[in-house]
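Notes to accompany the following structure.
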Amino acid sequence: MKHANAKKFGMVIDLDKCTGCGSCMVACMAENNVPFREDETDKLLSLSWMRVYRLTNGKPFPDTEECYLPRPCMQCEGHHGHSPCVSVCPATATDYDTNTGIVSQIYTRCFGCRYCMAACPYHVRLFNWWDPVWPDGMEKSLNPNVSVRMRGVVEKCSFCIHRYQQAMDKAFVEGRRELEEDEYQTACTQACPAGAITFGDLNNPEHAVYQMVQPDAQHEGRPENPTAFRLLERLGTNPKIYYLSRREWVRRAGDNYLARESQSHAG
Amino acid sequence: MDTALIPEGVKRCPAWQFILWIGLVGVVLLWGVYAMLLCWIKGLNQTNMNNAYGFALWIWADLAIIALGGGAFFTGLLKYIMGKDQLKNIINYAVLIGFICYSSALLILAIDIGQPLRGWFIFWHANVHSMLTEVAFCLTCYFGVLCIEYLPLVLENRQVDRVPFFHNLTHNMHEIMAVFAATGAFLSFFHQGSLGGVAGVLFARPFGYRTGVLVWPWTFFLFTWSAAACGPCFTIFITKLTEKIVRKKLVQDNVIELLAKIAGWMLATYVIAKIFDTAYWAFVTAPSKGFTVSDFYTGNPGSIYGYWILVMEIVVCGVLPAAILITDKGRKTQATLWLAVILAAVGVCLNRWVMVLQVLAVPVLTFESWATYFPSWQEIATTILPVAYGVILISLSYRYLPVFPQEKELNPMVSPHTPEGRAEPQASPASPEPALSPAES
Amino acid sequence: MFPFNFEWIWDAGHLVFHGGLWYALSIMGLGVTYCIVKALVDTAKGKGAHHH
Numbered sequence: 001m002k003h004a005n006a007k008k009f010g011m012v013i014d015l016d017k018c019t020g021c022g023s024c025m026v027a028c029m030a031e032n033n034v035p036f037r038e039d040e041t042d043k044l045l046s047l048s049w050m051r052v053y054r055l056t057n058g059k060p061f062p063d064t065e066e067c068y069l070p071r072p073c074m075q076c077e078g079h080h081g082h083s084p085c086v087s088v089c090p091a092t093a094t095d096y097d098t099n100t101g102i103v104s105q106i107y108t109r110c111f112g113c114r115y116c117m118a119a120c121p122y123h124v125r126l127f128n129w130w131d132p133v134w135p136d137g138m139e140k141s142l143n144p145n146v147s148v149r150m151r152g153v154v155e156k157c158s159f160c161i162h163r164y165q166q167a168m169d170k171a172f173v174e175g176r177r178e179l180e181e182d183e184y185q186t187a188c189t190q191a192c193p194a195g196a197i198t199f200g201d202l203n204n205p206e207h208a209v210y211q212m213v214q215p216d217a218q219h220e221g222r223p224e225n226p227t228a229f230r231l232l233e234r235l236g237t238n239p240k241i242y243y244l245s246r247r248e249w250v251r252r253a254g255d256n257y258l259a260r261e262s263q264s265h266a267g
Numbered sequence: 001m002d003t004a005l006i007p008e009g010v011k012r013c014p015a016w017q018f019i020l021w022i023g024l025v026g027v028v029l030l031w032g033v034y035a036m037l038l039c040w041i042k043g044l045n046q047t048n049m050n051n052a053y054g055f056a057l058w059i060w061a062d063l064a065i066i067a068l069g070g071g072a073f074f075t076g077l078l079k080y081i082m083g084k085d086q087l088k089n090i091i092n093y094a095v096l097i098g099f100i101c102y103s104s105a106l107l108i109l110a111i112d113i114g115q116p117l118r119g120w121f122i123f124w125h126a127n128v129h130s131m132l133t134e135v136a137f138c139l140t141c142y143f144g145v146l147c148i149e150y151l152p153l154v155l156e157n158r159q160v161d162r163v164p165f166f167h168n169l170t171h172n173m174h175e176i177m178a179v180f181a182a183t184g185a186f187l188s189f190f191h192q193g194s195l196g197g198v199a200g201v202l203f204a205r206p207f208g209y210r211t212g213v214l215v216w217p218w219t220f221f222l223f224t225w226s227a228a229a230c231g232p233c234f235t236i237f238i239t240k241l242t243e244k245i246v247r248k249k250l251v252q253d254n255v256i257e258l259l260a261k262i263a264g265w266m267l268a269t270y271v272i273a274k275i276f277d278t279a280y281w282a283f284v285t286a287p288s289k290g291f292t293v294s295d296f297y298t299g300n301p302g303s304i305y306g307y308w309i310l311v312m313e314i315v316v317c318g319v320l321p322a323a324i325l326i327t328d329k330g331r332k333t334q335a336t337l338w339l340a341v342i343l344a345a346v347g348v349c350l351n352r353w354v355m356v357l358q359v360l361a362v363p364v365l366t367f368e369s370w371a372t373y374f375p376s377w378q379e380i381a382t383t384i385l386p387v388a389y390g391v392i393l394i395s396l397s398y399r400y401l402p403v404f405p406q407e408k409e410l411n412p413m414v415s416p417h418t419p420e421g422r423a424e425p426q427a428s429p430a431s432p433e434p435a436l437s438p439a440e441s
Numbered sequence: 001m002f003p004f005n006f007e008w009i010w011d012a013g014h015l016v017f018h019g020g021l022w023y024a025l026s027i028m029g030l031g032v033t034y035c036i037v038k039a040l041v042d043t044a045k046g047k048g049a050h051h052h
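Protein chains in written order, with the working numbering: chain A, 1 to 267; chain B, 1 to 441; chain C, 1 to 52.
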């Protein structure tokens with residue numbers, strides 16, 4: 001009954017549209033009360049739920065090409081909800097919600113063993129090495145719908161789950177059980193000036209994300225659109241972030257291939 | 001000063017020398033405690049770990065000392081279950097070393113977690129599918145077993161043993177020690193194994209991931225196996241080292257040789273299994289995920305993670321010590337025995353190192369590069385802390401407890417040459433036997 | 001750890017894992033209890049006292 005109309009929220013990011021401006025990162029930090037420090041030079045200590053990578057085809061001028069790749073949490077489903085991080089958490093502090101397809105993180109349950117960070121190949125899981133400190137006055141502008149995290153726990157992109165909860169609350173009050181596509185959108189999606197990010201329910205054929213990638217439910221959501229790909233699909237993580245690019249080298253950068261393998265052969 | 005506490009019929013260094021020694025090691029211990037407090041008070045920003053290296057020196061130290069402490073469960077299994085009765089002459093020390101290793105591992109874990117006050121969540125909110133949960137439970141339970149096994153030795157202190165209740169308790173615990181040893185072996189099998197599983201189940205980390213049987217990756221079995229092989233080697237190493245330091249023989253050669261022989265065969269079979277595992281991983285598992293072995297061993301800064309690791313771990317620290325220990329001559333020659341046990345211990349530490357740090361260092365996303373890491377002084381100090389603690393506990397135990405049953409017969413004390421600093425116990429001069437020896441029961 | 005923890009499920013995983021855990025804990029607990037009780041009885045009977 002519960003699963004009959006289960007959602008599978010996912011995201012499609014058109015890399016040919018992304019300009020690498022970083023609006024998604026900024027919007028995400030503001031929306032989710034992500035703390036920062038005065039000195040953020042060491043990016044391996046930064047908390048960026050959404051991080052934009054710069055890719056290059058490695059060719060000399062004039063054939064050099066670049067591509068920016070925004071990377072939120074992949075919300076991996078693995079095989080039947082067996083995502084890399086959820087299965088390893090010793091304290092059940094992270095969970096795969098089969099109703100939404102979102103991997104949650106319970107900050108008050110996490111005791112900071114960081115096993116999930118070791119399990120995640122995308123580096124989306126980040127540790128609070130410090131207690132959050134906000135510049136004077138800034139605490140007044142924190143988002144009241146998102147709890148801030150204390151030092152010593154792991155945090156990550158939540159697909160702005162609080163927005164989903166708020167939208168569901170509103171729908172319930174209005175006597176509805178289903179959301180419209182635009183009622184629940186993540187902060188990064190709305191912030192992207194190029195419209196490169198699309199968010200919606202991958203189980204719903206009427207949603208844009210479904211139409212853009214045509215996920216094959218028989219093959220763990222593998223995209224039928226030939227220009228779509230997912231990061232590290234071969235590892236069996238079954239992520240819900242899809243990328244679009246007409247450039248072959250960009251698609252090939254999404255996964256590891258042996259020298260003799262072509263992308264289609266391996267996929 | 002403390003002669004009344006020293007076991008009968010054995011010689012110990014003068015009290016001032018002992019206090020000086022403990023004081024020196026104590027300074028190192030305090031340095032570690034200071035670093036530990038810094039980590040607890042200021043948080044894990046005191047370390048050089050980062051979001052790419054969530055597991056680092058501490059987790060390696062945990063895995064390594066638990067493997068090295070494997071001598072306790074395996075020697076116990078051999079003595080109490082397999083009936084290798086000779087090993088009674090080394091089992092006390094194996095238990096003591098195990099006790100130190102496991103208590104240290106628990107301490108390091110308590111420093112390593114970001115919210116130490118929530119450490120109990122791992123038990124309370126246990127996720128039974130996580131290898132770390134299995135580690136936590138079995139490790140804690142087995143530490144309980146080690147306490148039970150170490151307790152009788154403490155109670156055998158000359159003065160404590162005079163209390164009839166403690167004397168009886170010691171006797172009763174020895175009587176049913178086989179039950180505890182069996183429980184310990186059961187728990188050890190699972191926590192040594194699940195430590196192997198920690199990296200083995202990471203299906204999105206191709207360097208660590210292994211196929212396996214049911215829910216257990218092959219590393220599960222390899223870790224248990226290598227701990228059973230290299231743990232006893234470490235016990236032998238520490239025993240030989242202790243003999244060198246106190247300049248006397250404490251355990252007879254035939255006992256050491258028996259343990260070395262069994263460890264040697266365990267190591268030999270382990271190395272064969274490890275070679276098969278490595279080959280299958282390199283030629284089947286990793287390529288199925290788009291990786292070749294050269295992706296794991298080349299192109300990293302300074303070539304730290306090079307093919308030399310495979311050669312070092314499998315050949316130099318695996319095949320070589322195994323070959324020495326399974327031959328009669330190799331075991332009987334002191335130099336080769338020393339070499340073999342040291343290499344075996346180094347080998348298992350190296351294996352644990354790559355299964356923690358290299359797993360995280362290897363880039364998985366094609367557009368990322370190798371992650372590098374060097375521990376902070378706080379991490380190093382807290383890792384040396386258990387070594388200092390171990391030295392102190394061994395020193396105290398050796399001085400005040402009858403750790404080595406053969407010490408007296410191997411080092412007879414000729415009565416006219418009663419060494420200075422050791423007064424005769426309050427026995428009648430006519431009695432050659434110590435007056436405070438426990439009563440027959 | 002206990003059936004009243006809300007994440008507890010009565011499935012094979014929990015039964016095997018916690019079955020093994022409580023089995024080991026029981027053996028350890030019973031073993032130690034036996035030793036202590038027997039030592040108390042022995043001591044009451046006058047065993048282990050030194051005669052000199």
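Note that beta-carbon positions come from the ideal geometry of N, C-alpha and C, so glycine has one too.
The bridge partners DSSP lists for serine 104 of chain A are A/Asp95. In the three-state reduction of the DSSP assignment, leucine 401 of chain B falls in the coil class, being assigned neither a helical nor a strand state.
Taking a beta-carbon distance threshold of 8 angstroms, alanine 126 of chain B counts as an interface residue toward chain C.
The three-state secondary structure of alanine 228 of chain A, taken from DSSP, is strand.
Asparagine 172 of chain B reaches chain C at Cys35, Lys38 and Ala39, counting residues in chain order whose Cβ is nearer than 7 angstroms.
Proline 70 of chain A carries a strand assignment under DSSP once its states are collapsed to helix, strand and coil.
For chain B, the residues of the region 108-128 of chain A that bring a beta carbon within less than 9 angstroms of one of its beta carbons are Thr108, Arg109, Cys110, Phe111, Gly112, Cys113, Arg114, Tyr115, Cys116, Met117, Ala118, Ala119, Cys120, Pro121, Tyr122, His123, Arg125, Leu126, Phe127 and Asn128, in chain order. Contact check for tryptophan 216 of chain B and glycine 193 of chain B: beta-carbon distance about 7 angstroms, within the 8 angstroms limit, so the pair qualifies.
The residue from A/Leu235, A/Phe199, A/Leu232 and A/Asp136 with its alpha-carbon nearest to that of lysine 8 of chain A is A/Phe199. At least 8 angstroms separates the beta-carbon of leucine 169 of chain B from that of phenylalanine 404 of chain B. Judged by DSSP secondary structure, leucine 146 of chain B falls within the alpha helix (DSSP H) whose first and last residues are 131-155.
For tryptophan 249 of chain A, no CB of chain B lies under 8 angstroms from its own CB, so it is not counted at the interface with that chain. Glycine 54 of chain B is outside the set of residues whose beta carbon lies under 8 angstroms from a beta carbon in chain C. Close to chain A, meaning a Cβ-Cβ distance shorter than 9 angstroms, are the following residues of the region 203-228 of chain B: Phe203, Ala204, Arg205, Pro206, Gly208 and Tyr209. Interface with chain A (8 angstroms Cβ-Cβ cutoff): isoleucine 108 of chain B is excluded. In this structure, DSSP gives isoleucine 6 of chain B a state outside helix and strand, which the three-state scheme calls coil.
Neighbours of threonine 133 of chain B in chain A, taken as residues whose beta carbon is under 7 angstroms from its own, are Pro90 in chain order.
Here the alpha carbon of lysine 248 of chain B sits roughly 11 angstroms from the alpha carbon of valine 10 of chain B.
By the criterion of a C-beta distance shorter than 8 angstroms, leucine 222 of chain B is surrounded in its chain by Gly196, Tyr270, Ala273, Lys274 and Asp277, once the five residues flanking it on both sides are discounted. Cβ neighbours of proline 72 of chain A within its own chain (closer than 6 angstroms, five residues either side excluded): Met50 and Cys157.
A Cβ of chain A is located within less than 8 angstroms of the beta carbon of glutamine 115 of chain B. DSSP, reduced to helix, strand and coil, places isoleucine 13 of chain A within a strand of the structure shown. Under the criterion of beta carbons closer than 8 angstroms, arginine 230 of chain A and glycine 254 of chain A qualify as touching, at roughly 7 angstroms. Here cysteine 76 of chain A is not near alanine 93 of chain A, since their CB atoms are 8 angstroms or more apart.
The beta carbon of phenylalanine 17 of chain C sits closer than 8 angstroms to some beta carbon of chain B.
Sorting B/Thr372, B/Ala178, B/Leu202 and B/Tyr93 by C-alpha distance to the C-alpha of histidine 82 of chain A places B/Leu202 at the top. Shown in chain order are the members of the region 47-69 of chain A whose Cβ falls below 7 angstroms from a Cβ of chain B: Tyr53 and Leu55.
In this structure, proline 363 of chain B sits away from tryptophan 353 of chain B, with a CB-CB distance that is not shorter than 8 angstroms.
Under DSSP, glutamate 155 of chain A shares a beta bridge with A/Leu126. Apart from the 5 residues on each side of it in sequence, valine 133 of chain A sits with its Cβ closer than 8 angstroms to the Cβ of Pro35 and Arg37 in its chain, given in chain order. Flagged as an interface residue toward chain A: leucine 44 of chain B, by a C-beta distance shorter than 8 angstroms. Between tyrosine 150 of chain B and valine 95 of chain B, the gap from beta carbon to beta carbon is short of 8 angstroms.
In this structure, glycine 200 of chain B lies near tryptophan 218 of chain B, with their beta-carbon atoms less than 8 angstroms apart. When DSSP states are grouped into helix, strand and coil, glycine 31 of chain C belongs to the helix group. Residue pairing by DSSP places proline 223 of chain A opposite A/Pro215 in a beta bridge. Taking a C-beta cut-off of 9 angstroms against chain A, the contacting residues of the region 266-287 of chain B are Pro287, listed in chain order.
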